[in-house]
Structure formats: C-alpha cells, structure tokens
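To start, the structure under review is shown below, and the notes come after it.
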Amino acid sequence: MALRSAEIAIAELEKDILRMGRPARLFYSCTGAGRMRSHNLEQFLLLKRNVGLLWPEEHKPSVHPVEVMINLAINWNMNFLFDVRGLPNTTDAPPALLMTTGRLGVSWRYRYQTDPMSPEQYRDYVNRTNEALGVDTEQWDHRELQRLERSIVEAKIQIIQSDHHQEWFPLGSLDAFVPSAKEGFWIEILNKHFKGDINWTSDQFFVLQDVRILETVSRLLTAHGPEELHVGLSWIFIQSHLWAVLGMPKLMFPENTEKMKKYGCLEYVDSYFGLLSVREHIARRYREPDVKDFLESINRTIIAMLDSLALASNDVGAEVAIRKIAAMKINVLPAAEFFSDQELEKLYRSFPRLTNTIFVANLISLSRLHRRLLFDKNYPNVYGRRMVSNYGQSIYVYPRNYLEIPLLTLEPPMYYTRAAFAINYAGLGATTARDMIRAFDSRGVAVGEAGSSDQWWGASLSASYKRWLECSGSVLPGDVNRSEAADTSERLIMSVPALEVAFGAYRSAASRDTVELGSVMLGDLVDYTPDQIFFITYCHMLCALGNGTFDGDEDECTYAAKNFEPFAEAFACPVDSPMNPPRKCPFFLPSQQ
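Its first residue numbered 1, the sequence shown is counted upward by one per residue in UniProt numbering.
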C-alpha cells in the first residue's frame, strides 16, 4: 500500500516537468542535489550546528539531547525518535501537544531489511561517510558507532511495532522522564522553541501516542549518558540526510540507487507539503459524499447497537457511549478548500516559492514555517495530512474524542471505490469500527464526554460489561493472557465488538442493494457467498498487513472470528471445532457466556 502510494506521488511530481508547483521544485532540488554538492554540504553543516548536533566537529555537546530532539521535531520535522504536533481543538480547551512514534524513513527501512553489515563492512561505510562529510572521526571506533546506531534504531522499531499504550499528562509531569532533569525542564524547552507563539504552562496537557516513546528516551539517556547519546543522535542525523544532501544515494542504498533516491526525496516533500503531491490522485479517486456516507454508516451502526444494549440491560453507560460516538470528531479527507485551485493558492500563500536550486536552502526556508503551522486551524486536515501517516494506521486521541485516519487506509486492499459491500466493510469498515469503539474501551470508559478523567462505564459500574470482560479474558490465547501483555489483550478483546459492528453495517448496506455483488469483478471469489467473502477479506486485511505499519495479525483474526457466531454459520464450522467453540464472548450480540 505505501509503495503504491509513493509510486503515484512520484508520477505526479514527475509530470510537473516545468516545476510549476512547490512540491516538484523541492523534489527536483533533492533528486538533483549532486549538482550543487558543495553548497548543499556547507548549508547542511550549518543546519546541523544550529540544531545543536555538534559531533563530530566538537565533542562536548552544549545542548541536552532531549532539547535537540524537541527542536528537530517542532522546528524541522526531522526528529528520528518521535514527532510532535499540535492537537486539533475540538473543544474550547487550551492548546495541547501530541507526541507520536513517527515513521521509520525509507533509508532506515532499507538498512534494517537487508543483511546487517559486518564490523569490517561497517568500518568501510563509516570511512566513506566521513570522507563525504569532509571530517575525521577516527577518535570514535566504528564498532562504537554501530552499537549506538543499533541501540537507537532498534528502540525506534520496537516502539513502532508494539501495541501502543496512549497516556496524557500535565506538561509539568514530563520532567520525570528525563534523568536528573531540573524542575521545569520541559516547559523551558517548549517555550524556548515556540518562541512566544504559545506560552506553555505546567498544567497544559501532553498526549503520548505510546508512553514508551519517552520511556525509551529515558532508557537511552540512562544507558548511554547525554554525551554519548548526543554522538548517537548526530550519527543518525548524518546518515539520515547526508546521502540526499550530497546527491550520493549509494551511501545508504547500495542497490536500486535511483529508485530509492526518489522514494527518499518524496519523504522530504511529504514532510512539508503533506498531500499536495497526490492532490490529483485524491481528487480523481475520492468523492467526499461516498467516504462520508461510508463512515457515517459505521457510526450509525455502533449507535444502534449501543441503543439496543442500553434497552436490553438498562445500562446507563451505554447511553453515555452513544453520546461520545455521536460527538466524535473524525478526520479523513482534506478540507474542501484543498480541492479548489483558488482556495489552494490561499492555503499555501505563506509557503516559500522555492526558486533556489540548493536543496538544503529549500529545507531551511520551509522549516521556518513549520512551527507556526502546528496550531494553524488547517494543520489537522491540510498541512499535517499524509498518505502514509507518522502514527501508523490511525490514531484516536482519548481526551479529545478525536479520530484521525490517514488516506492510505482508503487505498486497496482496505477500500475500493467500486467493490462489493462485503469487501469494503471487512476492510476499512472493520478498522474504522475498531478505532471508533476506543471511545468505550478500558481507557475510553475512564474519559468523560468533556475529556476529563471520569469513570462512566466499565467493569466497576456495569455488571454486563464486567461479565463480558471476564468471559473475554477466559478465552484469550495463553501467550497473551498476561498482565505485561495488557495492550495486546485489549486489542484482541476489542476486536470482537469491532467485527460485530462491521458485519452489521455490511448486512445493513447489502439489504438496501441486493444486486450490489453483480457490480464488481470478484475473480476467484465467485464461488464464495457474500458472508464468506466478508470474513476472507477481514482476515486477509489483518494477516497480510500485520507488519508494523498496521497493527493487526492472525491472532486478531482468529480471536474475533471464533467469538462471532455468523463466522461459524458462514463456513458451517462444526460445533466444538476450534473456530466454533461452545463459549463465545460477543459484546453486542446474545452470548454463550
């Protein structure tokens, strides 16, 4: 999916042969950086110094590594371990920050998907990089640099591929994540780098997509110390960008050099221009009413099922859940202004024209704008949107009741503009349902309608919710039924109501259009019933895409399906067989608890 999206974006950029658009100008200044190599290197070294990464030229850092990372994230959108952005203000709450895992760039995905370098190969690689950089780093052994690189990159990969555990804190509480930090450490750094645009105070809150982001930063500081971590961050930064700065992709991509260079240059374009490079593709492919109606059908199905649950069990919590689902802010397609040529020009009027052919000069001019856009009203649905997000498949922010879905999720095999209901509801429908019902998962039931900490449902307040949780826990796979696997357990347990919702929405849609299967080519699936196609698609989506970018896997497919009676009916599974156990734990439907 991500690869196809990149190919579409590159094709659109390369169509702009006259370089009329800003994205194309940045892209071509990157792919042609080798023609201005000396100028690019000069400005890159200055940029590196300005963000506080002084190694290898100097050995005593003057800036704390955490401040370096915050600076890179806020001002440059170039930090390695995490990204920082403003939260959309869905209420009248004061500004708040969201820290996400960020993506692993194409250069590092390439590096860590190929065979690891031997110490001798790494020594040669370090020497080539130093020669290109024009510095001598013999005082640092190549084995130490390789150890530092592995420590930082593997920490990043582990965060991306884990089941995320969202937390939110007052800013004043973040100092605890930095060993030996003085009181007010984070507030001081944030106010320094927001430069008066926002005056941060200790009681404003900070949302972590995964609390392990800052726990990882803390572990790296403890393991390496500030000085050694500074070296590691500098070395990662040099490797991440030097190949592009000098137009020397072979530094990072020994094979498929030209192709990988284009992928890497596209990442710079996306970092600053978001969806602008694929605007034509989006306009051609998506009709806003179709996407809006599809998502609203999921929303309506959840509300209808909750309403039935409230009536059947006289459960007041279900009524609160209905209000939260109805009020949820969902961000999928960019704002309507994005598709109007006249309005688009207004949106990007403040962006530099990028007439400079020096790639790094263009990056610097764009970075001067980045921080100011973080809290712009158009950031969430224009400037900050991506086809491939910086947070994975989607993100639901509990204290704001806000769901953001990247457009990549609306690409095949998750969603087709012309496909059977069974396919689209099993793909995009199931993943969207799973995101929406976070409003009443174990975290959501402790966040009130206004975003305050308020336990309004759950096992302690609802007998039916408690019975369902106890039943669900009893049938979890043995290797995840442990307290240290709480996030994985939560994902599996909540996959059942998500499947119930997606299947219910699919059946409702199909009942309104009984001939819809005849409108698409199903190929090898013609021998399957619509319900079977639904479940095949559902499990394909989870099993095939459980690769760290999407957080599903075969356990989720198996667990949800075996707890859902319509699956056993669709495939005529014998009673007491592995996929039709006598005890099932649905959330909405009548259960065998």
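Cβ coordinates follow ideal geometry from the N, Cα and C atoms, glycine included. Note that this is a predicted model, so its numbers are computed, not measured.
What is the DSSP secondary structure of residue i, counted as helix, strand or coil?
{"i": "Ile330", "result": "strand"}
{"i": "Ser453", "result": "strand"}
{"i": "Val526", "result": "coil"}
{"i": "Asp531", "result": "helix"}
{"i": "Gly473", "result": "helix"}
{"i": "Arg418", "result": "coil"}
{"i": "Arg4", "result": "helix"}
{"i": "Phe177", "result": "helix"}
{"i": "Pro497", "result": "helix"}
{"i": "Ser308", "result": "helix"}
{"i": "Pro352", "result": "coil"}
{"i": "Lys156", "result": "helix"}
{"i": "Ile10", "result": "helix"}
{"i": "Asp341", "result": "helix"}
{"i": "Pro460", "result": "The sequence as given places Ser at residue 460; Pro does not occur at that position. Note: Ser460 maps to coil in three-state DSSP."}
{"i": "Met387", "result": "coil"}
{"i": "Tyr286", "result": "coil"}
{"i": "Gly274", "result": "helix"}
{"i": "Asp92", "result": "coil"}
{"i": "Ala244", "result": "helix"}
{"i": "Glu411", "result": "coil"}
{"i": "residue 608", "result": "Given that the chain is displayed from residue 1 to residue 593, the structure contains no residue 608 and the question cannot be resolved."}
{"i": "Asp115", "result": "coil"}
{"i": "Pro65", "result": "helix"}
{"i": "Met260", "result": "helix"}
{"i": "residue 595", "result": "No information on residue 595 is available, as it lies outside the stretch 1 to 593 that the chain covers here."}
Return the CA-CA distance between residue i and residue j, expressed in angstroms with no decimal places.
{"i": "Arg583", "j": "Tyr465", "result": "17 Å"}
{"i": "Lys60", "j": "Gly232", "result": "13 Å"}
{"i": "Arg482", "j": "Leu46", "result": "Unreliable placement is indicated for Arg482, whose pLDDT of 47 sits below 50; no coordinate value is reported for it."}
{"i": "Trp108", "j": "Glu120", "result": "20 Å"}
{"i": "Asp551", "j": "Ile152", "result": "At Asp551 the pLDDT is 44, less than 50, meaning the model places this residue with poor confidence; the figure from the coordinates comes in the next sentence. So the alpha carbons of these two residues sit roughly 22 Å apart."}
{"i": "Tyr398", "j": "Leu145", "result": "39 Å"}
{"i": "Ile587", "j": "Phe535", "result": "The identity of residue 587 in the sequence shown is Phe, whereas the question assumes Ile. Rounded to whole angstroms, Phe587 to Phe535 spans 18 Å at the Cα level."}
{"i": "Gly473", "j": "Cys585", "result": "9 Å"}
{"i": "Gly451", "j": "Ala439", "result": "11 Å"}
{"i": "Tyr402", "j": "Pro56", "result": "43 Å"}
{"i": "Gly548", "j": "Glu288", "result": "The predicted model places Gly548 with a pLDDT of 41, which falls under 50 and marks its position as unreliable, so this point remains unresolved."}
{"i": "Lys324", "j": "Ala24", "result": "42 Å"}
{"i": "Val178", "j": "Leu208", "result": "15 Å"}
{"i": "Leu373", "j": "Ser38", "result": "31 Å"}
{"i": "Arg22", "j": "Arg353", "result": "6 Å"}
{"i": "Cys573", "j": "Asn580", "result": "6 Å"}
{"i": "Asp210", "j": "Gln455", "result": "21 Å"}
{"i": "Trp186", "j": "Val68", "result": "12 Å"}
{"i": "Tyr286", "j": "His193", "result": "38 Å"}
{"i": "Asp293", "j": "Ile198", "result": "37 Å"}
{"i": "Leu492", "j": "Leu344", "result": "42 Å"}
{"i": "Met248", "j": "Phe80", "result": "21 Å"}
Looking at the strands, I want to know which residues DSSP matches up with residue i.
{"i": "Val207", "result": "Leu98, Trp168"}
{"i": "Asn580", "result": "Ser577"}
{"i": "Val397", "result": "Tyr402"}
{"i": "Val447", "result": "Ser453"}
{"i": "Asp83", "result": "Thr100"}
With a threshold of 16 other CB atoms inside 10 Å of the CB of residue i, please say whether the residue is buried or exposed.
{"i": "Gly429", "result": "buried"}
{"i": "Lys182", "result": "exposed"}
{"i": "Glu554", "result": "exposed"}
{"i": "Phe237", "result": "buried"}
{"i": "Glu404", "result": "buried"}
{"i": "Thr114", "result": "exposed"}
{"i": "Leu3", "result": "exposed"}
{"i": "Glu411", "result": "buried"}
{"i": "Pro254", "result": "exposed"}
{"i": "Leu190", "result": "buried"}
{"i": "Arg418", "result": "exposed"}
{"i": "Lys156", "result": "buried"}
{"i": "Leu311", "result": "exposed"}
Does the distance from the C-beta atom of residue i to that of residue j stay below 9 Å?
{"i": "Ser202", "j": "Leu171", "result": "yes"}
{"i": "Ser162", "j": "Asp527", "result": "no"}
{"i": "residue 594", "j": "Met436", "result": "With the chain running from 1 to 593 in the structure shown, residue 594 is simply not present."}
{"i": "residue 622", "j": "Ala283", "result": "Coverage of the chain is limited to positions 1 through 593, which leaves residue 622 absent and any answer about it impossible."}
{"i": "Thr216", "j": "His164", "result": "no"}
{"i": "Gly86", "j": "Leu97", "result": "yes"}
{"i": "Ala560", "j": "Leu476", "result": "no"}
{"i": "Val382", "j": "Phe338", "result": "yes"}
{"i": "Ser394", "j": "Pro406", "result": "yes"}
{"i": "Ile303", "j": "Ala326", "result": "yes"}
{"i": "Tyr506", "j": "Leu366", "result": "no"}
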